Amino acid sequence: MNDYDRARLVAQALLKGEQTPTRQIIQEKVKIAVDSTRTSQQGCAVEVDEEKLVRELESLFNIWMGLGHVLENKQGHIPWLADRNSEINWDFWNRYVRYLEEEKGWAPATMNGLDQLTESILQLLENPLRSGTWDRRGMVVGQVQSGKTANYTGLICKAVDAGYKLIIVFAGMQNSLRSQTQLRLDEGFLGYDSQVHRASTQENSSIGAGLIPVGKRLIADSATNSANNGDFSKKIAGQFGVSAGAGNPLLFVVKKNTTVLKNLLHWALRHGDKDEKSGKRIVRGVPLLVIDDEADNASINTNPPLFDENGKIQEEYDVSAINGLIRKLLHSFEKSAYVGYTATPFANIFIYPDPDKKNPEFGDDLFPRSFIINLPTPSNYIGPVQVFGLDTDPAIGLEASEALPIIRPVEDQKEWMPDKYKKGHVPGELPGSLKEAIRAFVLCCAVRIVRGQENEHNSMLVHVARFTAVQSEVTKQVKDELTSLKQRLRSGDGKVTGKLEEEFEQLWKDDFVPTTSSILSSIPDPKLKSVSWEEVKYLLHRAVSKIQVKKINGTAKDVLDYWEHKNGLSVIAIGGDKLSRGLTLEGLSVSYYLRASKMYDTLMQMGRWFGYRPGYLDLCRLYTTNDLVEWYEHITVACEELRQEFDYMADAGATPDEFGLKVRTHPQGLVITGANKMKTGTVMQLSYTRSLSETTIFYKDENKNQQNLEVTEEMLKTLGEYSNKISNNYIWQDVPAKKITNFISGYQSHPKVKTANTTHLVDYIKAQLPQNELVLWTIVLISNSRGKKRCIAGHEVGTTLRKDASPESSQEYRLSKSRLLSPTDEWLDLSEATRQEILDLTRIQREEAGKPPGAGNTPNGKILRSKRSPKNGLLLLYPLEPEVINSEIPVIGFVMSFPDSKTAQMVEYKVNNVYWKEEFDQP
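Each residue of the sequence shown is one higher than the last, beginning at 23 in our numbering.
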């Protein structure tokens, strides 16, 4: 340990208990820490950059973190942790805490958050000492690259301390991801290198937490190791003589692979006893904890269940292989707990739960019936909202969030890498955008040297091709480009026009200087500091010389061996699926991404650029197409909506089953799940309770727009005199539902707006009428005081201006950010007292979620709708300015706001694979 690290540990200890220490307090503690380090070194020269240490500690103490929300089904569960807490020796956990604080430099708020969250999850599992048969199924939902591995490592430490004897971690489908996960658990839980020795008996094999002195030896065994071929193979299974539950805690880190899972199941059943009732072998007395990392990938049963005439799942139906083996494993243990971790839980929530019966061969499906926890992220996490930004979205209570200025549009890739190509495609010359991205990465590496981060890892991602043969061609091209840069920076360009150094300087001035300035003014990271070109230019050769190019796919021998590079690895990683799920690229700064997918879970998992970027966020760049940016904006809203719905239902005390039903019946449900989970003919149920339906895509066909205008005017003329006029908006109240359904039936919505399907809307409204719900409506004709004046049904209105986000050649008029509703239009008919109550509840919800106070008076849409009577719906009519699409006919858009309802009747529709093929390019 060097002087700087010694001083840092002392300063952190002195600052413990300080919630938000000022810079002055931090400076005082740092001075004491440095003096203490000098004293301990007995007069030896001590070199500590005090200002750097102050900035680092400022960064740590600037971080805050909200609380996690929990949905729980308490049936069959016996609370236990509070009674046993004081008697448990938390040895593995306490060692892990010290490792994260002392070696990884975790912030106090993040450490406290991890402690609380892992305790919450452990409490929701069963007491490992509880006798009899028990089975818990849960899910933990976090953001992509937000620290889920650290969370389940902490959970494993606590579970083992509490008495769980067998830990099985399912770590993706690739060797590289399994190996990386094993290494993380070697460092955080086992404390030794599993490649050197499977039992921690050799002192020299200690790594990570194993190097923390705790006064005693903590021993856990591992049946697998971190080598690329260290999985539980048939050979290892045959030689592995350790029995389940005997002696030390036992860890398996395995791929989701049918052969490996069969080996594991066979090993487990060797230690089981024959059950007299079922004839199956059951492993008794061994509490099993299964951690399923990336639980939405491969674990889902993609063979939909068969139903009988009463709508119940039939006992006998085929399940997909990996799903079946995981369920068999759990079903073979008397005591088991399953916790799935994922950032994209859409598919898991669409698992059809059947509480009435278990499949006799496989047991329950993997629906998280016991609990779901929504992990909060620390304030220094950079996720989809930060990268892509958000417009104000009252539908889910989101304020506007400015996108970070790090996205660079790619428009010159078509000839090099067309959208659709065959296996044998040979890409032409590298596009200028990729050459620029490589140069940006070199600059990033150089700046990090200036900032004292030379020994940190640096990664660049190039994800442009699906086929491995094409990836090989791209790798060769990138290597050639990098070699050229190295040679030219080493020997200079001589008299060549446009010297390379001048190209770098131009990119620095045009891109890096303004971006750093912008981020410095908006992101509270004291580690960020301005750097001059004079400091950077002399380090370009040093930076580029360290960069390697690696091809990471199923056919390549390259591995991202960060752990082998103690002085930092600088790498350009080129690949496809291996890079798109789970695998962490350390120090990722520049991404060049062209791979197209419209499925929400696939898109979000491909976003390796999310995560933590302390001290170099201003250097990060995402080079991608405008189409992909638009799709990421869509998925950002969808994911935030899912989390908002989760938090709302958690506050209401809902169970996982109730949340699953809500998501499966949400109008967005069909859009956000994978096609292979919804076969042709699958009957879906739909409910609009407490949600919005709004038109965000329109025709540019004048005949259709004229028809929609006429239908609107016909309805308005039947309403008589308006009830009220607020801010130029015309309001009619107590309008019978029949007038609403007549209007919707006559309106032609664009087929791409799935949430505004007029047939579904009419069916839903009619289904509620017998319940005495949605019987009376408020209609508001929106008039924008700054808009051009038009006459609608005899009323003078100002049209609403909404930009067209579609290409000029398109036949669609697509609203930017897919939003028609203006923030406070949804409460125009509510009283001032009700509005204030909604704002108060919105503020309280934000505080409980650990979010900063919202700007202005933006109500949370779900809270707002919960305050509207189930009898009353709201229809907002927006006459849009037609000049935007070079027309004279006002385009009529509508928003329908549905109140909360405990007794809402659902409507059914069938999934058609033609829709998937056309909309998502899915087979």
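For every residue, glycine included, the Cβ atom is placed at its ideal position computed from N, Cα and C.
Every value quoted in this text rests on a predicted model; they were computed, and no experiment measured them.
Discussion item. Given a cut-off of 8 Å on the beta-carbon distance, is the pair V612 and C466 in contact?
Written reply: Their beta carbons are under 8 Å apart, which means V612 touches C466 by this criterion.
### Task
Give the single residue among A676, K457 and K302 whose Cα lies nearest to the Cα of E383.
Out of A676, K457 and K302, K302 has the C-alpha closest to the C-alpha of E383.
- Task: From the DSSP output, in three-state form, read off W849 for me.
- Result: Residue state, collapsed to three classes: helix.
Open item on the list: Tell me the rounded alpha-carbon separation between R725 and Y744.
Closed with: The identity of residue 725 in the sequence shown is Asn, whereas the question assumes Arg. A direct Cα-Cα distance of roughly 29 Å separates N725 from Y744.
- prompt: Can at least three beta-carbon pairs, one atom from the stretch 119-127 and one from the stretch 181-197, be found at a separation below 8 Å?
  reply: The way I'd put it, the stretch 119-127 doesn't touch the stretch 181-197; fewer than three beta-carbon pairs between them come closer than 8 Å.
Discussion item. Tell me the rounded alpha-carbon separation between P235 and L207.
Written reply: If I take the Cα positions, the gap works out to 18 Å.
Original post:
When you compare each of G213, V469, E458 and Q509 to L561 by their alpha carbons, which one comes out closest?
Top reply: Out of G213, V469, E458 and Q509, V469 has the C-alpha closest to the C-alpha of L561.
Original post:
Which word fits V448, buried or exposed, when buried means at least 16 other C-beta atoms lie within 10 angstroms of its C-beta?
Top reply: V448 sits exposed, since fewer than 16 C-beta atoms from the chains shown fall within 10 Å of its C-beta.
Can the beta-carbon of V305 be found less than 8 Å from the beta-carbon of S255? Not closer than 8 Å, so no.
Exercise for the section: Name the residue from L426, T846, N882 and L850 whose alpha carbon lies nearest to the alpha carbon of I860. Expected result: It is N882 whose Cα lies nearest to the Cα of I860.
#### Entry: Residue environment, S853, which counts as buried when at least 16 other CB atoms sit within 10 Å
Classification for S853: exposed.
Hey, quick one: how far does the alpha helix (DSSP H) through E78 stretch, first residue to last? First-last of the alpha helix (DSSP H) with E78: E72 to F83.
- Item | Euclidean distance between Cα positions of A29 and E125 | Rounded to the nearest whole angstrom, the C-alpha separation of A29 and E125 is 13 Å.
Answer with buried or exposed for T718, where buried requires no fewer than 16 other C-beta atoms within 10 angstroms of its C-beta. The residue is buried, with at least 16 neighbouring Cβ atoms inside 10 Å.
Fill in: Runs of beta strand (DSSP E) lying entirely within the stretch 728-811, each at least 3 residues, in chain order
Complete beta strand (DSSP E) runs here, min 3: 746-748, 751-758 and 798-803.
CB of F632 within 8 Å of CB of Q165, strictly = With contacts defined as CB atoms closer than 8 Å, F632 and Q165 qualify as a contacting pair.
- Query: Can you tell me where the alpha helix (DSSP H) with Y353 in it begins and where it stops?
  - Reply: According to the sequence shown, residue 353 is His rather than Tyr. For H353, the enclosing alpha helix (DSSP H) has its first and last residue at A343 to H353.
DSSP state of R200 mapped onto helix, strand, coil:
Reduced to three states, the DSSP call for R200 is helix.
| Within this structure, are the beta carbons of I178 and V162 separated by less than 8 Å? | Annotated as distal: I178 and V162, with beta-carbon spacing of 8 Å or more.
With DSSP as the reference, label F254 as helix, strand or coil. Residue state, collapsed to three classes: coil.
- Message: On a Cα-Cα basis, can you pick out the residue from G385, A359 and L75 that is closest to K350?
- Response: Out of G385, A359 and L75, the CA that lies nearest to the CA of K350 is found in G385.
Given a threshold of 16 other Cβ atoms within 10 Å of its Cβ, counted over all protein chains shown, does K96 qualify as buried or as exposed? Counting every other CB atom within 10 Å of its CB across the protein chains shown gives K96 a total below 16, marking it as exposed.
- DSSP bridge partner residues for R450 (one or two, in chain order): Reading the sequence as shown, one finds Gly at residue 450 and not Arg. In DSSP, G450 forms no bridge with anything.
Can you give, in chain order, each stretch of the alpha helix (DSSP H) that sits fully within the stretch 498-557 and has at least 4 residues? As far as the stretch 498-557 is concerned, its whole alpha helix (DSSP H) runs of at least 4 residues are 522-529 and 535-544.
Determine the DSSP secondary structure at F410, reduced to helix, strand or coil.
-> Helix at F410.
**OP:** Could you please give the first and the last residue of the uninterrupted alpha helix (DSSP H) stretch that includes F114?
**Re:** Run containing F114: D113 to R120, per the alpha helix (DSSP H) assignment.
inquiry  = So for G703, helix, strand or coil by DSSP?
reply    = At G703 the pLDDT is 47, less than 50, meaning the model places this residue with poor confidence and gives no usable figure here.
By the DSSP assignment, the alpha helix (DSSP H) with S142 in it spans what residues? Where S142 is concerned, the enclosing alpha helix (DSSP H) starts and stops at P130 to L146.
Just the C-alpha distance for V659 and L412, rounded to the nearest angstrom, thanks.
Approximately 8 Å, taken between the alpha carbons.
Is it the case that the Cβ atoms of H99 and D669 are separated by a distance below 8 Å? No, Cβ-Cβ distance for H99 and D669 is not below 8 Å.
Check: Just the Cα atoms here: how many angstroms apart are L273 and T175?
Finding: Straight through space, the alpha carbons of T175 and L273 are spaced by roughly 12 Å.
Item to complete: Would you mind working out which of W530, V308, K284 and N285 sits nearest G294, comparing C-alpha positions?
Response: The candidate whose alpha carbon is nearest that of G294 is V308.
Y26, enclosing alpha helix (DSSP H) - first and last residue: Run containing Y26: D25 to L37, per the alpha helix (DSSP H) assignment.
Query - E331 classed as buried or exposed, judged by whether at least 16 other C-beta atoms fall within 10 angstroms - result: Caution is warranted here: a pLDDT of 43 is assigned to E331, below 50, making its placement in the model unreliable, and the coordinate value is therefore given only provisionally. With fewer than 16 other Cβ atoms within 10 Å, it is exposed.
- Residue environment, D723, which counts as buried when at least 16 other CB atoms sit within 10 Å: Looking at its Cβ environment, which holds fewer than 16 other Cβ atoms inside 10 Å, D723 is exposed.
**Q.** DSSP state of I885 mapped onto helix, strand, coil
**A.** Correct three-state label for I885: helix.
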